[in-house]
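Trainee:
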Amino acid sequence: MSADLTFRQPHENDHARVLAALGPWWGGLKGEAGAKERALLVPRLYFQHFTTTSRLVERPDGTLAAFLIGFVSQTDPDTAYIHFVGVDPELHGQGIGRSLYEWFFGQVRESGVRRVKCITSPQNTASRAYHARLGFEVSDVLPDYDGPGLDRVAFSRGIAA
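Position one of the sequence shown corresponds to residue 1 (the UniProt record's numbering), numbered consecutively onward.
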């Protein structure tokens, strides 16, 4: 991983930058409907209310390299949820995603969290493989998880105290 990258807490004014990365970084997955779905999954409220457990990664020139949006469950404080993660495809394989996840695990562990969960669409085979490599348990496809026709795959991983 490049030592030139800066990891920092996101701010509300970062919202548009992250939205702009969703199209090119996901390579058109699921077409126009997929692009709209991804944009709807990253509303501004995450950049207003969940910044202490989220991170942006920037290159030396300030361009976005990666991001992670996550939070501790308000319903089950033993569980944290990683809502959305993206790494510029040009930087895949450099350990940036793993660094974001490890940072998140450390942050939420301090709050008493013992399990981290996340989901993806069944079509996102790269995410499914990546989470399995990180030690997440990977579910079968969960039909209509987020509504009619919105199937998902769930991930769950324990984190040591």
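Note that the Cβ used here is the ideal one computed from N, Cα and C, for glycine as well.
Nearest to L45 by alpha carbon, out of G149, A16 and A161?
Mentor: It is A16.
Trainee: With a threshold of 16 other CB atoms inside 10 Å of the CB of D14, please say whether the residue is buried or exposed.
Mentor: Buried, because 16 or more other Cβ atoms sit within 10 Å of the Cβ of D14.
Trainee: Going by beta carbon distance, what residues of the same chain come within less than 6 Å of F67, once the five residues before and after it are set aside?
Mentor: Counting only Cβ-Cβ distances below 6 Å, and skipping sequence neighbours, we find V18, L56 and G86.
Trainee: In chain order, what residues of the same chain lie with their CB nearer than 8 Å to the CB of Y145, ignoring the 5 residues before and after it?
Mentor: Cβ within range, chain order: I119, D151, R152 and A154.
Trainee: I'd like to check one pair, Q107 with T63: are the Cβ atoms closer than 9 Å?
Mentor: The answer is no: Cβ separation not under 9 Å.
Trainee: Rounded to whole angstroms, what is the Cα-Cα separation between A80 and S121?
Mentor: Near 19 Å, if we compare the C-alpha coordinates of S121 and A80.
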